[in-house]
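Chains as they are written, first to last, in this note's numbering: chain B, 3 to 111; chain V, 112 to 225. Glycine included, every Cβ here is placed at the ideal spot set by N, Cα and C.
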């Protein structure tokens, strides 16, 4: 059974800092890995999807990497802003989507 | 393009009542699924469907029924609500073909069972 872990559970940084969120998974037989953002009381917004054959994806200030052999993915956020404050979830897709519990990010002005 | 829509946004039920959570998508996605999100437990798959007329159980299916009569709609039925079903429910959809399978989520239904 796939298990997805996200570390740290919470992170507080000053505005402007570059930061890395970590996601690890136990079963490397994944189809893709997806990063989501969730604002309080809201649904999930897809940020980046990395297919199993890819190593990274970039969108604006976000860069996600995938290392299937080590069972790890990272989400890099450059020049963080207060508007980036949210919970970030990663999920692996195999026969079904398996989520980590998320990292709650606070970016302080 | 409305994406994935869910109704209602909020609902309060008494123990033993039944109700249906609605989910619809206008992207012609084959795959649709229901998740519940609980503090400390993350998102867990309840039921999913790979096309009209085809449904299957996820990780936590007990107490819930689904059907898929059209590509667009995937309602979730609570047969006899229990306080343990208090949660936030999300519907999601994606294409099955191609290489992406990117999942799109609805805004959620917050359910309280008293």
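> Around the C-beta of residue 207(V), are 16 or more other C-beta atoms found within 10 angstroms, so that it is buried, or is it exposed?
Replying inline: Stepping through the second chain from its first residue, residue 207(V) is reached at position 96. Counting Cβ neighbours within 10 Å, residue 207(V) comes out exposed, since fewer than 16 surround it.
> For residue 128(V), which of 188(V), 221(V), 182(V) has the nearest alpha-carbon?
Replying inline: Locating residue 128(V) in the second chain gives position 17, where the first residue counts as 1. The residue with the shortest Cα to Cα distance from residue 128(V) is 188(V).
> Is residue 49(B) near residue 63(B), with beta carbons less than 8 Å apart?
Replying inline: What you label residue 49(B) is simply residue 47 of the first chain in a count that begins at 1. What you label residue 63(B) is simply residue 61 of the first chain in a count that begins at 1. In this structure, residue 63(B) does not lie closer than 8 Å to residue 49(B) by Cβ.
> Between residue 15(B) and residue 9(B), what straight-line distance do the alpha-carbon atoms span, to the nearest angstrom?
Replying inline: In the first chain, residue 15(B) corresponds to position 13, counting from 1. In the first chain, residue 9(B) corresponds to position 7, counting from 1. Rounded to whole angstroms, residue 15(B) to residue 9(B) spans 15 Å at the Cα level.
>> Check for me: the beta strand (DSSP E) holding residue 102(B) runs from which residue to which?
In response: Here the question's residue 102(B) lines up with position 100 in the first chain. According to the DSSP assignment, residue 102(B) belongs to no beta strand (DSSP E), since it is labelled neither H nor E.
> Looking at C-alpha atoms only, which residue of 42(B), 94(B), 108(B), 79(B) is the closest neighbour of residue 87(B)?
Replying inline: The sequence position of residue 87(B) within the first chain is 85, counting from 1. For the residues 42(B), 94(B), 108(B), 79(B), the minimum Cα distance to residue 87(B) belongs to 108(B).
>> Counting only C-beta atoms, is residue 132(V) closer than 8 Å to chain B at any point?
In response: By one-based count along the second chain, residue 132(V) stands at place 21. At a cut-off of 8 Å between beta-carbon atoms, residue 132(V) makes no contact with chain B.
> Taking 8 Å as the CB-CB limit, is residue 141(V) close to chain B?
Replying inline: Stepping through the second chain from its first residue, residue 141(V) is reached at position 30. With 8 Å as the cut-off, residue 141(V) does not count as an interface residue toward chain B.
>> Whole angstroms are fine: how far does the CA of residue 34(B) sit from the CA of residue 171(V)?
In response: Taking the second chain and counting its residues from 1, the one referred to as residue 171(V) is at position 60. Taking the first chain and counting its residues from 1, the one referred to as residue 34(B) is at position 32. Their backbone Cα atoms lie some 23 Å apart in a straight line.
>> Can you tell me whether residue 195(V) is buried or exposed? The criterion is at least 16 other CB atoms within 10 Å of its CB, across all chains shown.
In response: For this step, residue 195(V) is matched to residue 84 along the second chain. By the neighbour-count rule (16 or more Cβ atoms within 10 Å), residue 195(V) is not buried but exposed.
> Leaving out five residues before and five after residue 112(V) in sequence, what residues of the same chain have Cβ atoms less than 8 Å from its Cβ?
Replying inline: Residue numbering aside, residue 112(V) sits at position 1 when the second chain is read from its first letter. So the qualifying residues of the chain are 137, 138.
> Thinking C-alpha only, which one of 42(B), 11(B), 24(B) is nearest residue 69(B)?
Replying inline: The residue labelled residue 69(B) in the question sits at position 67 within the first chain. Nearest option by C-alpha distance: 24(B).
>> Closer than 7 Å between beta carbons: that is the criterion. Which residues of the region 193 to 224 of chain V meet it against chain B?
In response: Answer set for the region 193 to 224 of chain V: 201, 210, 211, 212, 213, 214, 215, 216, 217, 218, 219.
>> Please classify residue 18(B) as buried or exposed, where buried requires at least 16 neighbouring CB atoms within 10 angstroms.
In response: For the purposes of this step, residue 18(B) is taken as residue 16 along the first chain, with counting starting at 1. Residue 18(B) comes out exposed.
>> I'd like to confirm the pairing. Which residues does DSSP put opposite residue 47(B) in its beta bridges?
In response: What you label residue 47(B) is simply residue 45 of the first chain in a count that begins at 1. Under DSSP, residue 47(B) shares a beta bridge with 39(B).
>> Taking only three categories from DSSP, how would you classify residue 162(V)?
In response: Within the second chain, the letter at position 51 stands for residue 162(V). In this structure, residue 162(V) counts as strand in the three-state DSSP scheme.
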